[in-house]
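**Q**
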Amino acid sequence: MTATAFTPRVFSGIQPSGGLTLGNYLGALRRFVDMQDAGTHECIFCVVDLHALTTWQAPDKLHAQTREAAAAFIAAGIDPSRSILFNQAAVPEHAQLAWLFNCVARMGWMRRMTQWKDKAGKNSEEASLGLFAYPALMAADILAYHATHVPVGEDQKQHLELTRDIAAKFNHDYGQDFFPITEPVIGGPAARVMSLRDGTKKMSKSDPSDMSRINLSDDADTIAQKFRKARTDPEPLPETYGELKDRPEARNLVDILAGLQGRTSEEVMGDVAGQGWGQFKPYLAEVAVETLGPITTEMNRLMADPAEIDRTLGAGALRAREIASPILAKTMDIMGIVRSV
Ligand code: AMP
Ligand code: TRP
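In short: position in the sequence shown from 1, add 638, done, that's the working numbering.
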């Protein structure tokens, strides 16, 4: 087998299963914008509505959340004329390739996924089959475009390893170097932003407590209040970042500040060493409001015209299909499926 040269291409997705959080912004969106602006890769970004359906979504809310997620992409700096932006269900190749990958992936691989174990919990008999198969759909999202790089937060690392396993098994079973072995792009101080109420849990749009997260739709007062009430220990900040090792809540707030300022946590510690919470928290809130305020304003402006968002997503879907359709056709051909075009 000769190594195929793949076009440098980024793919990533965000689920519209609720409003987006500061975790989504720092762990994902902001890094998407950096990759787009670097201009080294063709960039494809997707609101993964089919993934959201793996847990119950009220239909009217899902419509709104999909548009809100698209607005967040654009407000954060994704330019739909430079990057491709669309919603997953508008490109049927994702679901079609996912079926083919369901036949490549093994039950044991899926059962080992920690997100499956966490989300299905003790009640796995009642979880949807879609929730179990979810990583195969994620692999299809990525591989339908032969994406070479996938920027995500830390929590998606295992799913990306599974994507690589599916690509490698497909290539091996069919004796072809057809799918790339995608590289995860994970890193920076905010690869895992934690809950403001519990420094051992990730900040999540599905956490029942709204105080646990900063939403991209929160106004300045709400952001300040949430940081003021964020759980911490009673000690002031130490001299060095290393000393925060066993202080998860304190470390999280320093990491958030670093993420917002685009600096390393060690650098940030230089400025805030020795501060008490009464000094640090209002400063953190101020920096957060400065960064997020303009994004929230722009999101609200975009959401006032849903038809325009739908047009943008529709135009993105057409461009996405141009790439995905021949890749799906070739996959089917390799597997022995006859497909008339
Ligand atoms: P999701 O909201 O689960 O669809 O996640 C979309 C993207 O945001 C993925 O790349 C996640 O890894 C990232 N992400 C979600 N929550 C966090 C968090 N708390 N910290 C860092 N990244 C996150
Ligand atoms: N599973 C990801 C999450 O919950 C979202 C996602 C779906 C994704 N398909 C993707 C991320 C493809 C990167 C690439 O965060």
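Ideal Cβ positions, reconstructed from N, Cα and C, are used throughout, including at glycine.
Just so you know, these numbers come straight off a predicted model, no measurement behind them.
Quick one: residues in its chain with C-beta nearer than 6 Å to the C-beta of Arg939, no 5 flanking neighbours on either side, listed in chain order?
**A** Closer than 6 Å at Cβ, skipping near neighbours: no residue.
**Q** If you pair each beta-carbon of the stretch 860–877 with each one of the stretch 887–896, do three or more pairs fall below 8 Å?
**A** Contact between the stretch 860–877 and the stretch 887–896 is present, because at least three Cβ pairs lie under 8 Å.
**Q** Are the CB atoms of Pro886 and Thr838 within a distance shorter than 7 Å?
**A** Closer than 7 Å, so yes.
**Q** Would you list, in sequence order, the uninterrupted beta strand (DSSP E) runs of no fewer than 3 residues that lie entirely inside the stretch 782–868?
**A** Counting only runs of 3 or more, we get 787–789, 821–823.
**Q** I'd like to check one pair, Ala708 with Leu951: are the Cβ atoms closer than 7 Å?
**A** Yes, the pair counts as a contact, with Cβ atoms nearer than the cut-off.
**Q** Quick check on Gly715: does DSSP put it in helix, strand or coil?
**A** Coil, per DSSP.
**Q** Check Gly897 in the structure and name its three-state DSSP category.
**A** The answer is helix: DSSP assigns Gly897 an H, G or I state.
**Q** Looking only at its chain, what residues have a beta carbon closer than 7 Å to the beta carbon of Gly656, apart from the 5 residues adjacent to it on each side?
**A** Taken in chain order, the residues that qualify are Gln703, Lys843, Ser844.
**Q** Would you kindly work out how many angstroms separate the C-alpha atoms of Ala710 and Leu723, rounded to a whole number?
**A** Roughly 11 Å separates the two Cα atoms.
**Q** I'd like to know whether the C-beta atoms of Ala926 and Ile861 end up nearer to each other than 7 Å.
**A** Their beta carbons are under 7 Å apart, which means Ala926 touches Ile861 by this criterion.
**Q** Name the one or two DSSP bridge partners that Phe683 has.
**A** According to DSSP, Phe683 bridges with Ser650, Leu723.
**Q** Is Arg669 close to the ligand AMP? I mean its beta-carbon at under 6 Å from any heavy atom of the ligand.
**A** No, Cβ of Arg669 sits at least 6 Å from all heavy atoms of the ligand AMP.
**Q** Compute every distance between the C-beta of Asp793 and the non-hydrogen atoms of the ligand AMP, then say whether any falls below 6 Å.
**A** Yes.
**Q** Verify the contact flag: Ser650, CB atom, against every heavy atom of the ligand TRP, threshold strictly below 6 Å.
**A** The answer is yes for Ser650.
**Q** Let me check understanding here. Comparing Cα to Cα, which of Leu781, Val742, Lys757 lies closest to Glu731?
**A** With distances taken between Cα atoms, Glu731 lies closest to Leu781.
**Q** Shorter than 6 Å, the distance from the beta carbon of Gln653 to the closest heavy atom of the ligand TRP, or not?
**A** Checking every heavy atom of the ligand TRP against the Cβ of Gln653, one is found closer than 6 Å.
**Q** Provide the residue span of the alpha helix (DSSP H) that contains Glu946, from first to last.
**A** Looking at the DSSP string, the run of the alpha helix (DSSP H) that includes Glu946 is 944–973.
**Q** Assuming Leu688 contacts Ala728 under a Cβ cut-off of 8 Å, what Cβ separation, rounded to an integer in Å, is found between them?
**A** Contact doesn't hold; Cβ gap of about 10 Å is too wide.
**Q** Do the stretch 643–661 and the stretch 670–689 meet, that is, are 3 or more Cβ pairs less than 8 Å apart?
**A** Segments in contact, yes.
**Q** With burial defined as no fewer than 16 other Cβ atoms inside 10 Å of the residue's Cβ, what is the status of Arg977: buried or exposed?
**A** Answer is exposed; the Cβ neighbour count stays below 16.
**Q** Between Asn740 and Ala765, is the Cβ-Cβ spacing less than 7 Å?
**A** For Asn740 and Ala765, no; Cβs fall outside 7 Å.
**Q** What I want to know is whether the C-beta of Val729 ends up closer than 6 Å to one or more non-hydrogen atoms of the ligand TRP.
**A** No, Cβ of Val729 sits at least 6 Å from all heavy atoms of the ligand TRP.
**Q** Let me know the secondary structure DSSP gives Thr659 once reduced to three states.
**A** The answer is strand: DSSP assigns Thr659 an E or B state.
**Q** Output the distance between the C-alpha atoms of His810 and Pro944, rounded to the nearest integer angstrom.
**A** Distance between the alpha carbons of His810 and Pro944: 45 Å.
**Q** What residue range does the alpha helix (DSSP H) around Ala696 cover?
**A** Unbroken run through Ala696: none, as it is neither H nor E.
**Q** How many angstroms separate the CA atom of Met983 from the CA atom of Gln917?
**A** Look at the range of the chain in this structure, 639 to 979, and you will see that residue 983 is not part of it.
**Q** One question on the structure: do Arg869 and Arg835 come within less than 7 Å of each other, judged by their Cβ atoms?
**A** A contact, by the Cβ cut-off of 7 Å.
**Q** Under a three-way DSSP split, which group does Gln913 fall into?
**A** It is coil, neither helix nor strand.
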